[in-house]
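For reference, the structure discussed in these notes is given below.
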Amino acid sequence: MLPEDIIRVEDYCLKYEIEHTFLFSLEEYGLIELTVVEEQKCIPVQQLPAIEKFSNLYYELNINVDGIDAISHLLRKIETMQEEIRGLKTKLSVYDVQA
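Residue numbers (our numbering): 377 to 475.
In structure tokens:
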């Protein structure tokens, strides 16, 4: 019996009509993490939002996994820069400078 916080890859792919190879490619690129439980590949539930986002890019916009990897990298970079900007704005507010 599987824990409640994971879903078998096979079940997920059947329900959402997604290719197993797509999920395995995402894992290979380090975009998601799959686990093995009872000799079956499984998806931790915390990975589901990322899988949904990547599936939309792949199936609806026809972006291949290389493209998804590049997009994901750029989005992480933007997030980091936004955090940096927030930190700098906080430091500037100490000097009562309006940006």
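Beta carbons are placed, not taken as given, at the ideal position from N, Cα and C, and that holds for glycine.
Cross-strand partners of residue i (DSSP beta bridge)
i    : result
K417 : V412
Three-state class that DSSP yields for residue i in the structure shown
i    : result
I382 : strand
E436 : helix
L407 : coil
A475 : Reliability of the predicted coordinates at A475 is poor, the pLDDT of 47 falling under 50, and no value is obtained from them.
Exposure label - residue i; buried when at least 16 CB within 10 Å
i    : result
I461 : exposed
L450 : exposed
Q423 : buried
I454 : exposed
A475 : Residue placement at A475 cannot be trusted, given a pLDDT of 47 that sits under 50; what the coordinates show is reported in the next sentence. Exposed: under 16 other Cβ atoms inside 10 Å.
Y471 : exposed
Range of the contiguous alpha helix (DSSP H) that encloses residue i
i    : result
D442 : 441 to 470
E494 : In the structure as shown, the chain begins at 377 and stops at 475. Residue 494 is therefore absent and cannot be evaluated.
E428 : 424 to 431
Option nearest residue i by Cα separation, candidates the options
i    : options                : result
G443 : V385, E428, H396, L402 : L402
D387 : P379, L407, E409, I419 : I419
S448 : V385, K391, L407       : L407
S431 : G463, E409, F398, T411 : F398
I382 : L410, L390, E436       : L410
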